[in-house]
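Heads up, the sequence shown is in full-length UniProt numbering, so the first residue is 1 and it goes up one at a time. Even for Gly, the Cβ is constructed at its ideal location relative to N, Cα and C.
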Amino acid sequence: METFNFSEPQDITVGKGSLSKLPEIAKKLGGKHALIISGPHLEKMGLVKKAADYLASVDIKADTFTDIEANPSVTTVEKATAKYLESGADFIVAFGGGSPMDVAKAVGVVAKYGGSVTDYEGAHKVPGPIVPLIAIPTTAGTGSEVTAFSVITDHSRNYKLTVFSYEILPKYAILDAELITTAPASVAAACGIDAFIHAEEAYVSTAASPFSDALAEKAMALIGKNIRRFVANRNDIEAAEAMMTGSLFAGIAFSFARLGNVHAMSHPVSAFFDVPHGVANAVLLPVIAEYNALADHGKYLTIYNDIRPISAYADEFEPMMLVDAIRELCTDIGIPENLTIAINNASKNGTVTKEEIESRIEPMAVDAMKSGNIAVNPRASRQCDIEMLYRKAL
1 METFNFSEPQ
11 DITVGKGSLS
21 KLPEIAKKLG
31 GKHALIISGP
41 HLEKMGLVKK
51 AADYLASVDI
61 KADTFTDIEA
71 NPSVTTVEKA
81 TAKYLESGAD
91 FIVAFGGGSP
101 MDVAKAVGVV
111 AKYGGSVTDY
121 EGAHKVPGPI
131 VPLIAIPTTA
141 GTGSEVTAFS
151 VITDHSRNYK
161 LTVFSYEILP
171 KYAILDAELI
181 TTAPASVAAA
191 CGIDAFIHAE
201 EAYVSTAASP
211 FSDALAEKAM
221 ALIGKNIRRF
231 VANRNDIEAA
241 EAMMTGSLFA
251 GIAFSFARLG
261 NVHAMSHPVS
271 AFFDVPHGVA
281 NAVLLPVIAE
291 YNALADHGKY
301 LTIYNDIRPI
311 SAYADEFEPM
321 MLVDAIRELC
331 TDIGIPENLT
341 IAINNASKNG
351 TVTKEEIESR
361 IEPMAVDAMK
371 SGNIAVNPRA
381 SRQCDIEMLY
391 RKAL
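Structure follows, in structure tokens:
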């Protein structure tokens, strides 16, 4: 066994109704004035106000910033940072899915150390602790509440930049399954399969360890056996709790084991075509699982057993059975059949032509190759391999 190390410096509260713990946790943090960074949907639902009211109950003032889009941009980070500095806040509450979490982490860096989020692109460029941060996820998908990553879209480059630093980990996280029961089925599906892919890619990563494997295996079991139930009925609180806990474990797993070709390739798809992150991952997963099958050394069977329909039973397992099971799962929860459909579903300007998509394959592959995730994918990949995989996914 190779040497490995890990530490988990966060305080995490998990449980139905645990949003009510926000005032207590804010007091522990020593905060006097919060900026709640969230999205427009949660604001319309009244959940942002609910969080602010909880803080007001212990005399903690709260301002809000909710102008956050899917695949948030450098410009959005700049606007949110300006709001934080103007408000006089001394801590941040990240309330929502991966987009508010990514923005909140980036604001925590830029508000503390200045410059632009682009100055911190890459690994370990954050010089020290950021603005104190409490994370409250409202999707079971990103695991961002326990990851050391912030992913922001730089439209000037059509590129998703990543800030990686353990300094940006939220000090506290609150996971309340009641907050994900109102998600539309399409959001539950995209976020849920994204969480599963976090665990799956961490599990087969060449950087995996017994620690990350243990978390990834539990995450895949929780998500794989509950995602169909949760997409079918988001008010199934047992399934919701399993999805949220699975997403948490998957987030910790990939923080230590990294990811793989799925995430390396999905980020350019989102940057160039604005395809939602979870959808891009899900469409790419079966193609890359088939590509990686050559490198399997027994882990595919474990993954298969976590996602196969209950009625399915295999006397003799072959890796391609996992690929078929992934496709079946994606079909069951409403994921688009291929990348062409996903790109056109995301288009705001009508049909995207085959020629337009083809013209982006090489630059997307170039960007994908810049990701450190390529290096830990179980099967070695060159740029020509990535281009081939994009074409197969189309």
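Taking the CB atoms as reference points, tell me whether residue i and residue j lie closer together than 9 Å.
i	j	result
residue 142	residue 114	no
residue 80	residue 90	no
residue 180	residue 240	yes
residue 228	residue 333	yes
residue 177	residue 15	yes
residue 63	residue 35	yes
residue 104	residue 85	no
residue 83	residue 95	no
residue 107	residue 163	no
residue 363	residue 244	no
residue 165	residue 120	yes
residue 264	residue 361	no
residue 289	residue 326	yes
residue 261	residue 161	no
residue 283	residue 330	yes
residue 309	residue 328	yes
residue 301	residue 249	no
residue 131	residue 92	yes
residue 146	residue 251	yes
Report the option in the options whose CA atom is closest to the CA atom of residue i.
i	options	result
residue 128	144, 109, 137, 121	109
residue 200	295, 217, 255	217
residue 399	237, 11, 267	There is simply no residue 399 to check, as the chain begins at 1 and stops at 394 in what is shown.
residue 257	208, 251, 246	208
residue 140	174, 117, 148	174
residue 77	40, 117, 382	117
residue 31	13, 10, 61	61
residue 144	283, 12, 183	12
residue 298	265, 92, 316	316
residue 101	345, 171, 237, 282	171
residue 358	345, 370, 340, 249	340
residue 230	390, 44, 185, 352	185
residue 148	260, 197, 225, 254	254
residue 382	291, 155, 300	291
residue 392	285, 57, 319, 242	285
residue 26	41, 52, 44	52
residue 39	69, 322, 10	69
List the residues that DSSP assigns as beta-bridge partners of residue i.
i	result
residue 33	61
residue 161	152
residue 108	Residue 108 is not bridged to any residue.
residue 11	172
residue 122	163
residue 137	96
residue 73	153
residue 317	Partner(s): none; residue 317 has no beta bridge.
Measure how close the beta-carbons of residue i and residue j come, nearest whole angstrom, since I'm counting them as under 8 Å.
i	j	result
residue 220	residue 324	Going by Cβ atoms, the distance from residue 220 to residue 324 rounds to 17 Å, so no, they are not a contact pair.
residue 152	residue 278	The pair is not a contact, with the Cβ atoms about 17 Å apart (cut-off 8 Å).
residue 276	residue 190	6 Å
residue 280	residue 342	7 Å
residue 386	residue 365	4 Å
residue 55	residue 19	Contact doesn't hold; Cβ gap of about 11 Å is too wide.
residue 195	residue 223	6 Å
residue 378	residue 295	4 Å
residue 346	residue 273	6 Å
For the ligand ZN, is there a heavy atom less than 8 Å away from the beta-carbon of residue i?
i	result
residue 251	In terms of ligand content, the structure shown is empty, and the ligand ZN therefore cannot be addressed.
Would you mind listing the alpha helix (DSSP H) stretches within the stretch 272-312 that are 4+ residues and don't spill past its ends, in chain order?
277-292, 299-307
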